[in-house]
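One structure is given here, and the rest of the page talks about it.
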Amino acid sequence: VNDCALQERLGAKARSPRWAIAAKFPASQATTRLLAVEFGVGRTGAITPVAVLDPVLIGGVTVRRATLHNEDELRRKGLMLGDTVLVQRAGDVIPEVVKPVLANRTGQEQPVVMPTRCPECEFPLVRIGQEAVTRCPNPACPAQRVRGLIHFTGKGGMDIEGLGKKAVEQLVSQGLIQDIPDIYRLEVEQLAGLAGWGDKSAENAVRAIQGSRTPTLAKFLAALGIRHVGEVTAQVLARHFTSLPRLLLAGEADFLHIEGLGEQMAASLVDYFQDPAVREMLSRLESLGVRVQEEKKGAEIHGGLSGSVFLFTGALAHLSRHEAKARIKELGGQVASGISRKVTHVVLGESPGSKLTQARELGLTVITEDEFLRLIGR
635 VNDCALQERL GAKARSPRWA IAAKFPASQA TTRLLAVEFG VGRTGAITPV
685 AVLDPVLIGG VTVRRATLHN EDELRRKGLM LGDTVLVQRA GDVIPEVVKP
735 VLANRTGQEQ PVVMPTRCPE CEFPLVRIGQ EAVTRCPNPA CPAQRVRGLI
785 HFTGKGGMDI EGLGKKAVEQ LVSQGLIQDI PDIYRLEVEQ LAGLAGWGDK
835 SAENAVRAIQ GSRTPTLAKF LAALGIRHVG EVTAQVLARH FTSLPRLLLA
885 GEADFLHIEG LGEQMAASLV DYFQDPAVRE MLSRLESLGV RVQEEKKGAE
935 IHGGLSGSVF LFTGALAHLS RHEAKARIKE LGGQVASGIS RKVTHVVLGE
985 SPGSKLTQAR ELGLTVITED EFLRLIGR
């Protein structure tokens, strides 16, 4: 729908707008051999089987590995080691094993055996109730710890620029961070001395860490990587409880009163926030200057930026671009991807690009980052 007013009326679902849909061509496919199945450990302990494939070219990309998701999916597809398999790139992006080519079986294929112990820490694995996922229940599992840190600093979490996957893995391997609070102890001198780092990159990373010390409650909850709690649920919880102290006092019945939260999620939240290790982590974060901001009541923020369209040019110093966009949308505003007369505010960051010149030519309102922060209540 190419009409901003209609787009606003139609709104959006949690993950996509109601006014746009992507039509995709059938995925490119090819056959290859399933050489092995390896097992990875996720941040919540989920054990994910990964197909190791004889390299095959699909849509101009060489595919060597593909997720098999979980044991149920693996069994449903009936895959065996040594199988000839049909592989595609789902959405022309994600490699996927579609099915085995049964006509090519020789009788030499071997069954895939799921592990009974964690491949990282050797802790006995469990499968709870009707869940399709096998998990490592060891909270001290090193793989879970690293992936939890990667999630915390990543775009779905605090979005700390300079602390991507490789950087976090390096910091863990060097013994500089072991858990989330350690991130807020990092200093420029520690980072600058590491391989691949310099003074500038270290300064930028520490600045980004400092800028993440005052997250919104929704952002902080999503960053913690609580099982069953993604960005949407984090926003629901933040709007309901408005502050972290109130959330910490909640029991299972309090969570069940929230529309859309079931017993499984309520139990997961209670287990997480009543865990002494989690309480200690939150206390350490507070002592290190992390201040989770209270959410304003819906009536206070509803439509605060309604009708406003923002465009960013240059780097922001006090919060990430991702966080700024999320706050605008939270307050009822919109974010433009390009310059046009519909833009009501151009936010000026460090080292702005050509958008600034274009904005001035069009006579658009240009505001500083400090002015923008006041607009969004930061």
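Residue numbers for the sequence shown follow the numbering used here, so the first one is 635 and each next one is one higher.
Backbone N, C-alpha and C define an ideal beta-carbon position, used for all residues, glycine too.
Note that this is a predicted model, so its numbers are computed, not measured.
Return the Cβ separation of residue i and residue j in integer angstroms, given the expectation that the two are a contact with Cβ distance under 8 Å.
| i | j | result |
| --- | --- | --- |
| GLN742 | ALA661 | The pair is not a contact, with the Cβ atoms about 29 Å apart (cut-off 8 Å). |
| ALA884 | PHE875 | 7 Å |
| LEU939 | ILE973 | No, LEU939 and ILE973 are not in contact; Cβ-Cβ is about 19 Å, not under 8 Å. |
| VAL969 | LYS959 | 5 Å |
| LEU615 | LEU871 | Absent from the structure is residue 615, since the part of the chain shown begins at 635 and ends at 1012. |
| THR665 | VAL719 | 7 Å |
| LEU965 | ILE1010 | 6 Å |
| GLU897 | LEU903 | Contact flag wrong, Cβ pair sits at about 11 Å. |
The beta strand (DSSP E) spanning residue i covers which residue range?
| i | result |
| --- | --- |
| ASP637 | Counting along the chain, ASP637 falls outside any beta strand (DSSP E), and DSSP gives it neither H nor E. |
| THR696 | 695 to 701 |
| LYS733 | 728 to 734 |
| VAL721 | 718 to 724 |
| VAL760 | VAL760 -> no beta strand (DSSP E), and no H or E assigned at all. |
| THR848 | Unbroken run through THR848: none, as it is neither H nor E. |
| VAL1000 | 1000 to 1002 |
Over what stretch of residues does the alpha helix (DSSP H) that includes residue i continue unbroken?
| i | result |
| --- | --- |
| PRO683 | Here PRO683 belongs to no alpha helix (DSSP H); instead the beta strand (DSSP E) covers 681 to 692. |
| GLN804 | 799 to 807 |
| LEU855 | 851 to 858 |
| LEU708 | 705 to 711 |
| GLN663 | That residue, GLN663, is in no alpha helix (DSSP H); its beta strand (DSSP E) goes 663 to 675. |
| ILE843 | 833 to 845 |
| ARG781 | 776 to 787 |
| ALA868 | 865 to 875 |
| ILE814 | 814 to 817 |
| THR750 | Neither: THR750 is in no alpha helix (DSSP H) and is coded neither H nor E. |
| ARG880 | 878 to 882 |
| PHE889 | 886 to 890 |
Confirm, please, whether the CB-CB distance from residue j to residue i is below 8 Å.
| i | j | result |
| --- | --- | --- |
| LEU715 | LEU687 | no |
| ALA942 | HIS979 | The question names Ala, but residue 942 is Ser in the sequence shown. Contact: yes. |
| GLU929 | ARG1012 | no |
| ALA857 | MET792 | yes |
| VAL671 | VAL731 | no |
| MET915 | ILE814 | yes |
| LEU953 | GLY845 | yes |
| VAL806 | ASN704 | no |
| ARG994 | GLY923 | no |
| PHE854 | VAL926 | yes |
| ILE811 | ILE843 | no |
| PHE757 | PRO776 | no |
| ALA680 | ARG769 | yes |
| GLN663 | TRP653 | no |
| LEU820 | GLN804 | no |
| VAL727 | LEU702 | no |
| ALA826 | ALA852 | no |
Taking 8 Å as the threshold (beta carbon to beta carbon), is residue i in contact with chain B?
| i | result |
| --- | --- |
| ARG925 | Protein chains in the displayed structure number just one, and chain B is not present. |
Hey, is residue i close to the ligand COA, as in C-beta under 7 Å from one of its heavy atoms?
| i | result |
| --- | --- |
| GLN844 | For the structure depicted, the ligand COA is absent and the ligand set is empty, with no information on it obtainable. |
* Asked: Counting pairs of beta carbons, one from the segment 665 to 685 and one from the segment 781 to 788, are three or more of them closer than 8 Å?
  -> yes
* Any contact of the segment 821 to 840 with the segment 848 to 865, i.e. 3+ C-beta pairs under 8 Å? -> no
* **Three CB pairs or more closer than 8 Å across the segment 979 to 994 and the segment 940 to 955** => yes
* Asked: Are the segment 689 to 698 and the segment 740 to 755 in contact at 8 Å, needing three or more beta carbon pairs?
  -> no
* Asked: If we count Cβ pairs, one from each stretch, closer than 8 Å, do we get three or more for the segment 753 to 763 versus the segment 727 to 738?
  -> no
* Asked: What are the uninterrupted segments assigned as alpha helix (DSSP H) that are 4 or more residues long and contained completely in the segment 906 to 981, given in chain order?
  -> 910 to 921, 932 to 935 and 955 to 964
* To do: Report yes or no: do three or more beta-carbon pairs, one from the segment 967 to 982 and one from the segment 996 to 1012, lie closer than 8 Å?
  => yes
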